[in-house]
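Protein chains in written order, with this note's numbering: chain A, 614 to 902; chain B, 614 to 902; chain C, 228 to 550; chain D, 228 to 550. Where a beta carbon is used, it is the ideal one built from N, C-alpha and C, also for glycine.
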Amino acid sequence: MSRRIDVSVEDRGSPGDSGGGRVVGRGHPNTCPGCSSHFRDDELEATLRVCPQCGHHFPVRARDRIRQLVDGGTFSELDADVRSADPLNFFDLRSYRDRLAEAEVETGLGDAIITGSAKIERRPCEVAVMDFAFMGGSMGSVVGEKFARACERAAERQLPLVCVTASGGARMQEGILSLMQMPKTVCAVDVLRDSSCALFVVLTHPTTAGVLASFASLGDVTISEPGALLAFTGPRVVQQTVPGEKLPDDFGRAESNLRLGHVDAIVERGDLRTFIGRLLALFAKTEAP
Amino acid sequence: MSRRIDVSVEDRGSPGDSGGGRVVGRGHPNTCPGCSSHFRDDELEATLRVCPQCGHHFPVRARDRIRQLVDGGTFSELDADVRSADPLNFFDLRSYRDRLAEAEVETGLGDAIITGSAKIERRPCEVAVMDFAFMGGSMGSVVGEKFARACERAAERQLPLVCVTASGGARMQEGILSLMQMPKTVCAVDVLRDSSCALFVVLTHPTTAGVLASFASLGDVTISEPGALLAFTGPRVVQQTVPGEKLPDDFGRAESNLRLGHVDAIVERGDLRTFIGRLLALFAKTEAP
Amino acid sequence: MMPDADPSRAEKSELLRLRDRLARLRELPLVRGVGVQDELSRLQRQIERIKAAPSAEEVWRSVELARHLERPYTLDYVERLFDDFVELRGDRHLSDDRALVCGIGRFRRRTVALVGHQKGRDVHERARRNFGMAFPEGYRKAIRTMELAHRHGFPLFSLVDTPGAYPGVAAEQHGQGGWIARSQMTMVRIDVATVACVIGEGGSGGAVAIALADRVLMQENAVYSVISPEGCAAILWRDKTQAKKAAAAFKPDAVHCLELGIVDAVVPEPPGGAQTDYDAAAEVLGASIEDALAEIEGVDAGQRRSQRRAKFRTMGVLAAPES
Amino acid sequence: MMPDADPSRAEKSELLRLRDRLARLRELPLVRGVGVQDELSRLQRQIERIKAAPSAEEVWRSVELARHLERPYTLDYVERLFDDFVELRGDRHLSDDRALVCGIGRFRRRTVALVGHQKGRDVHERARRNFGMAFPEGYRKAIRTMELAHRHGFPLFSLVDTPGAYPGVAAEQHGQGGWIARSQMTMVRIDVATVACVIGEGGSGGAVAIALADRVLMQENAVYSVISPEGCAAILWRDKTQAKKAAAAFKPDAVHCLELGIVDAVVPEPPGGAQTDYDAAAEVLGASIEDALAEIEGVDAGQRRSQRRAKFRTMGVLAAPES
Ligand SMILES: [Zn+2]
Ligand SMILES: [Zn+2]
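Okay, here's the thing in structure tokens:
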């Protein structure tokens, strides 16, 4: 029966087992899993949360990510008030409602994605940024809905959509409804395509399961941060399935994804804004501003 | 420099090194390379040129193939008078003109393909059948032209095209013009597609190089005869390129092509007509006759 | 659970009320099944289930029946529903994935394309079919088949029956996530009418890869879920043996899927499950697909594609905005 | 071989006559090169060549220059012709084939997509680029790029420079023939304007895979051929050392390709060959591509696709029917 396990949320940790964000960490989130250096918050902020010693990319919360990427003062958040219901009355060790409320208090977010309009390097675009700290970046109805609305807005305004992913997969507590966010977001990308609007996807650690197997893999250009785990099934479950099989050291990491042809570029965090700016310029429907 | 060799006509023999047809054979063409049995012509005719001992598929000449496949009396040949010119005044050990004349005398064909209209299992279709005996089934201007006309006729008459291939590749004596038969035939298949007409390709031994890398790989359904060599580059050149590398035993054969996902079915010669009849019925634009 | 043979007038009126509720739920007509005579009793069964949400035991029974080793698989239905079937094989790159069967065949005097998972009956075939768990190569073959259907105007059927995508090294290295995404994308884009039916296990991404259809049906004892009960139990309860509890919590059974608007109709099975009578199961499945197809084939292709997108667009449940 | 700086009136009239002949040959305007001032001299060179068919020595000189180790490669031109270039990598299945470079970039203030073979300059890079010999994965990446260009309306450039497809076991097993065919098919079907240029070796199927364009240009010292001279000699003369004789027989040089109607125009190189002055070679190439693009962008997309098909439809030479 072990072969049957089709895990949707697996790797909640960042490379080297650090926490999934500053809030829900195991071990101290500011200790570098690459070189064991420890940093103050302000030190990491100054380096965009990249280890100045070894280049390890620490997780970035969605609001911080937006601050890093978009032109100051240009972000206007939309659909901030969209919240999950609990259609299944789901209760495992705790109720889904409790988990949601707790996640909202802990993260200050309504769900695992922030969407809105912004400018990057003076070019207008729509943005959708996921936050792994909110229930492992899992995709439930809200993530699907806000992503779909972002696509529709981009199509309507004839703008590209820049999407930064970080997700352990589906939101199990929404059962089959969480699975349906895959076709729902795929349909939303199709709306973008029908309008010839570009989708740029930035895959960050970790992007797995249902998110990787839907909109995250449908970008016109696909970028990854260094070291990010990008796998439909993470290494632990693969290992469980075929216990004898030796996993390659960089199994599922951005670097092996590049080698195996699944991403277009690995871009360090410090270069990300410029890189996206170049893409926005290349895909712009009108001349430079 | 050996890596540079990009051979277009290589395997002129059939499996086990028998000749490429009844006319241009090395060794006796009626001795089975599979089991060394020897047969009279009439014995082989009676079994569609399949060895009754071991199932080896001997090469079939184009006119025989048409007799085997189409309903009696329904084939009307078209474009029989199209002939190659010699735009390069090509001369190797002999002149291209001499080779053409000799091939015509030996095979009774104007070039390496016969095209026309027919019915198979009572369903009308266009057919294009290659003949390996004519200069190794090589594709020059005539093969390209007659194939393209067959596609255009099929599109105009809203009929499927059934194409049986056997080719060593490009007709080197026509130089770059022979290479251009690849895009030319690809464009012709696109005409078929634009008319939603089906293309059924039957790959027979050997189908290689330029023919495999153009229309032969663009069928809606791709069938092969057992044991056929289907490779862009044949085993000898591959062996020359990386001399140390061990070729799999069935390298390039139909059976490995099926396993590796390149053909839809391997159909024995005795079943071919029925199989194509089923395809014609399934793809028919009108109800059964 | 079995319907009355002759429901009373009061029951009929209740049925109509519930039927109306169901129809409003999805704003789609209910599936007919075979023959007008049987409609009411079949409807009754669906509605009985919905009146009283299935118990944990009933949900688990579905899980067991969906995985039943004798349950009919894709090729069992193909054999019974298609007059002729030509399998299309291979992804044209690496291999022919035997966990996904693709082909074209004649269904009710017309040609359709089919993609479906195939688990395999005996030990040998099960290994060959990888227990119905496809590799990226399988989705690539399915995409090829969808594109062929699109080119030739063949309606596309898909039969979903997989524990999920295969969690192995090579499958990951070949881009499993990406190909599940692209398979869905192809199903959004093709112009032809598409009908999917979950006939056993609708397991997660491997299932949804081929289930983005105009109409999605589900057999009475099939399950459709984001994760296996065991997987869910292992993660949320940290205890694999809590699978039954997990299943009751995430409700993968057909009735719940219908009520949540995930599937358009439930396809009745013979009493005791599809494994008790392949022919009867196939007959009802065939009629249900035929009905579903009739509904969507009247619609213009462009509009059908818009409706397909709109249908999935509405899936999910949001909290009512605070006022 | 070098043109006069100031051709006399009689020579001008001869040029016009020959230019007319050339134009009729292809029924297409000749390429301008850079600047109106230089047109006549450049034209003169092309025409001198056509007046007197190149000798065996001249053909062989082209073979040598086309393979010259210092010849500019795709990325040398990208660097000089594009203001910005973002490489697109990977076939989304198995690997990123470094023998084919794909990407989008800014050319003359607009965005275009590019696919091109890349041989590699030093020993290490040559191995990494597999000497410019693509695997099926490379064509798959090219197809992906073509589809992106189609979706976004970017014109597509392709730069051809390969000894041919790679004759190896894995390449064969991954369906080399099929992917060369499908790459051509994608080039037939995309709606955007397409310009190909043979910038070095246009070797057989590997070249034609990305050369099915609205306009096909060829640099003055490039070669375009169905087989390498060595391969042809080995087969037809049964003697590899007869390569020069083979080349003279099958005539892979630009002038013959122009006269046979295989290419639409010859792009002049600096005296002595493109390797003597990368900047000058790039400037003329850029201008030639820009001109070719201007010609075809005026045409409606559907018509352009028809013309593209019609152009290749006419290739080949048949015997005049006996009357
Ligand atoms: Zn560090
Ligand atoms: Zn024999």
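Exposure label - C/Lys538; buried when at least 16 CB within 10 Å: The residue is buried, with at least 16 neighbouring Cβ atoms inside 10 Å.
Own chain, CB closer than 6 Å to D/Arg248, minus 5 neighbours either side, in chain order: Note that D/Arg248 has pLDDT 48, beneath the 50 cutoff, so the model's placement of it is unreliable and the number below is only indicative. Here the set comprises nothing.
C/Arg319: contacting residues in chain D (beta-carbon distance under 7 Å): Against C/Arg319, the close residues of chain D are Gly402, Gly405, in the order they occur along the chain (beta-carbon pairs closer than 7 Å).
Touch test, the segment 798-818 of chain B against the segment 743-763 of chain B, Cβ-Cβ under 8 Å, three pairs minimum: With a cut-off of 8 Å, the segment 743-763 of chain B and the segment 798-818 of chain B count as touching, because enough Cβ pairs lie within range.
Other residues of its chain near C/Gly591: CB distance less than 6 Å, five sequence neighbours each side excluded: Missing from the structure shown is residue 591 of chain C; chain C here goes from 228 to 550 and no further.
Proximal residues of chain A, C-beta to C-beta of C/Ala408 below 7 Å: Within chain A, the residues near C/Ala408 are Val799, Ala826, Ser827, Ser830, Leu831.
Spatial distance of B/Ala767 from B/Gly757 (CA atoms): 15 Å
Given 8 Å, three or more beta-carbon pairs between the segment 323-340 of chain C and the segment 375-382 of chain C: yes
Check: A/His651 C-beta below 6 Å from any heavy atom of ligand 1: no
Within chain C, the residues that B/Asp862 reaches when beta carbons sit closer than 7 Å: Taking a Cβ-Cβ cut-off of 7 Å, B/Asp862 has no neighbours in chain C, whose nearest Cβ is about 18 Å from it.
For B/Phe888, the first and last residue of its enclosing alpha helix (DSSP H): 882-895
Contact between the segment 780-800 of chain A and the segment 825-845 of chain A (3+ Cβ pairs under 8 Å): yes
Unbroken beta strand (DSSP E) run spanning C/Glu297, endpoints: Unbroken run through C/Glu297: none, as it is neither H nor E.
Close Cβ partners of C/Ala461 (< 6 Å) along its chain, the five nearest in sequence each way excluded: Lys467
Reduced DSSP secondary structure (H/G/I, E/B, other) of D/Gly404: helix
Beta carbon proximity, D/Arg356 to chain A, threshold 7 Å: Chain A contact via Cβ: absent.
Ligand 2 heavy atom lying under 6 Å from the CB of C/Ala347: It should be noted that the sequence gives Gly, not Ala, for residue 347 of chain C. No, Cβ of C/Gly347 sits at least 6 Å from all heavy atoms of ligand 2.
Cβ neighbour criterion (16 or more within 10 Å) applied to B/Val742: buried
Cβ of B/Arg891 within 7 Å of any chain C Cβ: Residue contact with chain C for B/Arg891: present (Cβ-Cβ distance below 7 Å to some residue of chain C).
6 Å Cβ shell around C/Ser533 - same chain, five flanking residues per side excluded: none
C/Gln363: contacting residues in chain D (beta-carbon distance under 8 Å): A quick correction: the sequence has Pro, not Gln, at residue 363 of chain C. Going along chain D in sequence order, the residues near C/Pro363 (Cβ under 8 Å) are His320.
A/Met785 beta carbon less than 7 Å from that of C/Ile454: yes
7 Å Cβ cutoff, A/Leu885 in contact with chain C: no
Partner residues on chain A for C/Pro548, Cβ-Cβ distance less than 7 Å: Asp694
Close-in-space but distant-in-sequence residues of the same chain around D/Val422 (CB under 6 Å, 5 per side omitted): Phe384, Ala440, Arg442, Ile516, Ala519, Leu520
Bounding residues of the beta strand (DSSP E) (the contiguous stretch that carries A/Ile836): 834-837
From A/Arg696, A/Ser708, A/Asp705, residue whose alpha carbon lies closest to that of A/Ile726: A/Arg696
Contact test: B/His669 Cβ vs ligand 2 heavy atom, cutoff 6 Å: yes
Distance between B/Pro646 and B/Phe652 (C-alpha atoms, nearest Å): 12 Å
The segment 346-362 of chain D touching the segment 390-404 of chain D, judged by at least three CB pairs closer than 8 Å: yes
Residues that C/Leu315 bridges to, as DSSP identifies them: C/Cys329
Interface residues of chain D facing B/Phe888 [CB-CB closer than 8 Å]: Near B/Phe888 there are no residues of chain D at all, since even the closest Cβ is about 21 Å away, more than 8 Å.
Sub-7 Å separation of C/Phe334 and C/Phe312 beta-carbons: Against a cut-off of 7 Å, the Cβ pair of C/Phe312 and C/Phe334 comes out as no contact.
Short CB-CB distance (under 7 Å) between D/Thr541 and chain A: no
Uninterrupted alpha helix (DSSP H) stretches inside the segment 803-854 of chain A (no shorter than 4 residues): 822-825, 848-854
Selection of the segment 774-798 of chain A by Cβ proximity to chain C, strictly under 7 Å: Ala783, Met785, Gly788, Ile789, Leu790, Ser791, Leu792, Met793, Gln794, Met795, Pro796, Lys797
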